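Numbering (the working numbering), first residue to last: 99 to 218.
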């Protein structure tokens with residue numbers, strides 16, 4: 099039995115992929131990612147060893163990367179986290195970059211006023 103107030107006040111739990119991507123972004127505030135195939139592939143691979151401070155060196159063939167989640171799952175996680183306002187994004191020089199709210203604030207502080215098109 100659950101009280102109605104408790105039922106409606108509890109946030110919906112995040113799926114494992116979103117939870118892992120969110121935790122990763124919140125602990126790697128020096129990095130932001132686009133939705134490009136290379137960025138998403140690198141993020142998917144980095145999630146295999148998320149405690150590394152620096153990104154893993156990519157092999158000549160990005161398809162050789164082992165990863166806990168597929169590229170499409172990581173891309174979907176970034177999208178859902180952004181839409182739910184769990185992470186932020188900034189558009190810079192025509193590209194949208196996703197990261198933790200701290201990372202995006204840091205990026206905005208380092209860009210000249212007017213260089214970024216939009217941030218959330």
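Beta carbons: idealized from backbone N, C-alpha and C, even for Gly. Keep in mind that this is a model prediction, so the values were computed, not measured.
- According to the DSSP assignment, residue 193 belongs to the beta strand (DSSP E) that extends over 193 to 197.
- DSSP places residue 151 outside both helix and strand once states are collapsed to three, so it counts as coil.
- Judged by DSSP secondary structure, residue 122 falls within the alpha helix (DSSP H) whose first and last residues are 114 to 125.
- Counting C-beta atoms within 10 angstroms of its own C-beta, residue 146 has fewer than 16 neighbours from the protein chains shown and is therefore classed as exposed.
- Secondary structure at residue 187: strand, using DSSP grouped into helix, strand and coil.
- Apart from the 5 residues on each side of it in sequence, residue 209 sits with its Cβ closer than 7 angstroms to the Cβ of 190 in its chain, given in chain order.
- Straight through space, the alpha carbons of residue 120 and residue 184 are spaced by roughly 8 angstroms.
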